[in-house]
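**Q** Numbering (my numbering), first residue to last: -17 to 109. Using N, Cα and C, we set each Cβ at its ideal position, and we do this for glycine too. Pasting a structure below so you can have a look.
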């Protein structure tokens, strides 16, 4: 597959997972930071990894949020919790996934993840 095709597939997948407006805002932030970063995320991460068919998007989202929470990556965690909701994960499933990492990644990592999830849920209710 050509690089441009992977990039376009990544763009479409990001729109699907975030919604068109939020996806474009996210892409603008990435491009402002580094055009190469935006390209790498869309070509490889979204266009290649997330586009694989072995797991449903909901499962990929739950795997991703637990990894990000375990690693203490708050900014990526917030974005991926929003995507998980759009990918069909329920709030209860997200909270359970974050609780599940406590004995493996530590209770502080789980606690921070739960707090970030609560903020995302609150802002998604208010608009």
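(1) CB residue 80 to CB residue 51, shorter than 7 Å?
(2) Taking the CB atoms as reference points, tell me whether residue 112 and residue 77 lie closer together than 7 Å.
(3) Hey, which unbroken runs of the alpha helix (DSSP H) at 4 residues or more fall wholly within the segment 38 to 80?
(4) Between which two residues does the alpha helix (DSSP H) holding residue 31 run?
**A** In terms of the structure at hand:
(1) Residue numbering aside, residue 80 sits at position 98 when the chain shown is read from its first letter. Residue numbering aside, residue 51 sits at position 69 when the chain shown is read from its first letter. Going by C-beta atoms, residue 80 is nearer than 7 Å to residue 51.
(2) Given that the chain is displayed from residue -17 to residue 109, the structure contains no residue 112 and the question cannot be resolved.
(3) 39 to 53 and 56 to 68
(4) For the purposes of this step, residue 31 is identified with residue 49 of the chain shown, where counting begins at 1. Looking at the DSSP string, residue 31 is not in any alpha helix (DSSP H), and its letter there is neither H nor E.
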